[in-house]
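Q: Before anything else, here's the structure in question.
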Amino acid sequence: MGQRLNNKVAIVTGGGRGIGRGICLAFASEGANVVVDDIDADPAAEVVKEIENLGGKAIAVRANVRHSEEVEEMVRTTLDKFGQIDILVNNAGITRDMAMFKMTPDDWSDVVDTSLKGTFNCSQAVCNWIVPQARKEREEGKTPPCRKIINVTSGAGVRGNPGQANYSAAKAGIMGLTKSNAKEFARHNILVNAICPVALTRMTQDMKEDFAKRIPLGRIGDPQQDIAPVVVFLASEEANYITGQVIPVNGGLDMAI
Ligand SMILES: NC(=O)c1ccc[n+]([C@@H]2O[C@H](COP(=O)([O-])OP(=O)(O)OC[C@H]3O[C@@H](n4cnc5c(N)ncnc54)[C@H](O)[C@@H]3O)[C@@H](O)[C@H]2O)c1
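Here it is, written out as structure tokens:
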């Protein structure tokens, strides 16, 4: 167990599976208290058990990031349980791939509302607590600690993908939101960055092997070994001079295209 996030409280959305699960476990192993949010209760509860088995502290929350009132409740629950919020990872996201001319309004809004509006809802709710807190700290003559928002976006938002107009638009939107929030909240020492991972958590082994041929490092990222450590770095004090950046964590994929 490391100590880079000792005494920090982190909320991770979509924390029950895949990349979110990897981030929750990595945060806990660095000493953070973790709020594992997921729309799906069972995997979130499993992650909490895994963290407790490692000697860490975590709670599961079932908030749908699309609904601001559920997100506000998640923030209240976090504060009741742990008394503070230092880190938010906006990771929850879904795909509904479909050719553009067949894409329904629901295909569009399901994806955009989960990824982009969800990131807006959670960032706003968390900052509604952090900003007054940072103001209070300044009034008391203290410099507010660096608090972190890390958004999980995608190379699809940079390059576009056929069949992913909804997903690519949402992920490009997250990049703009990241940079706007980074500028808007810098004076409160809220640092906002994003990562573009490649982990292909929902693909078959054959699909992964095929995709890996396009990646200079020749393999698909592992959520825990390859993606989560970069999020831990951004959340840690080592990254207290980095804000407004979108960091590819993709084995060099963006150089290859
Ligand atoms: N896997 C990749 O290669 C890859 C690449 C680029 C970007 N991403 C992004 O990384 C994030 C995580 O991807 P993953 O592959 O681990 O996904 P995943 O599907 O394995 O896990 C996502 C989790 O989010 C939860 N979730 C879905 N909608 C939610 C909602 N409305 N509220 C709360 N929780 C919700 C799901 O229940 C699930 O547990 C996503 O934002 C995805 O777009 C993934």
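Each number in my numbering comes from the position in the sequence shown (counting from 1) with 82 added on.
Backbone N, C-alpha and C fix where the C-beta goes; we use that ideal spot for every residue, glycine too.
To test your reading of the DSSP string, which unbroken beta strand (DSSP E) runs of 3 or more residues are found completely within the segment 204-283?
A: 229-234 and 272-279
Q: Smallest Cα separation from M182: which of V280, N248 and G333?
A: N248
Q: When the distance is taken between beta carbons, is V94 closer than 7 Å to G102?
A: yes
Q: When the Cα atoms are used, what is the spatial distance from D89 to H270?
A: Strictly speaking, residue 89 in this sequence is Asn, with Asp absent from that position. Taking the straight line joining both Cα atoms gives about 20 Å.
Q: Taking 6 Å as the cut-off, does the CB of I256 come closer than this to any heavy atom belonging to ligand 1?
A: no
Q: Does the segment 296-308 touch the segment 257-264, meaning 3 or more C-beta pairs lie closer than 8 Å?
A: no
Q: For A140, does the count of other Cβ atoms within 10 angstroms reach 16, so buried, or fall short, so exposed?
A: buried
Q: Where does the unbroken alpha helix (DSSP H) through N115 begin, and where does it stop?
A: N115 -> not in any alpha helix (DSSP H); beta strand (DSSP E) instead, spanning N115 to D119.
Q: Among the candidates P311, V328 and V240, whose CA atom is the shortest distance from the CA of S111?
A: Nearest of P311, V328 and V240 to S111, Cα basis: P311.
Q: Please confirm whether G104 and V129 have their CB atoms less than 7 Å apart.
A: no
Q: Are three or more beta carbon pairs between the segment 197-204 and the segment 135-150 nearer than 8 Å?
A: yes
Q: Alpha carbon to alpha carbon, how far is D122 from E320?
A: Pairing D122 with E320, the inter-Cα distance amounts to about 33 Å.
Q: Is DSSP giving T95 helix, strand or coil here?
A: strand
Q: At a cut-off of 6 Å, would you count S236 as near ligand 1, judging by its Cβ distance to the nearest heavy atom?
A: At least one heavy atom of ligand 1 sits closer than 6 Å to the Cβ of S236.
Q: Is the segment 319-337 close to the segment 235-242, with three or more CB pairs under 8 Å?
A: Yes, the segment 319-337 touches the segment 235-242.
Q: Compute the minimum distance between the beta carbon of V147 and the heavy atoms of ligand 1, and state whether it is under 6 Å.
A: Relative to the non-hydrogen atoms of ligand 1, the Cβ of V147 comes within a distance shorter than 6 Å of at least one.
Q: Tell me, to the nearest whole angstrom, how far the beta carbon of A126 is from that of A142; I am working on the premise that it is less than 8 Å.
A: 4 Å
Q: Can the beta-carbon of S197 be found closer than 7 Å to that of G175?
A: yes
Q: Hey, could you find the ends of the beta strand (DSSP E) L170 is sitting in?
A: I169 to N172
Q: Between which two residues does the beta strand (DSSP E) containing P305 stretch?
A: For P305, there is no enclosing beta strand (DSSP E), since its DSSP letter is neither H nor E.
Q: Leaving out the 5 sequence neighbours to the left and right, which residues in its chain are closer than 7 Å to P244 when beta-carbon positions are compared?
A: none
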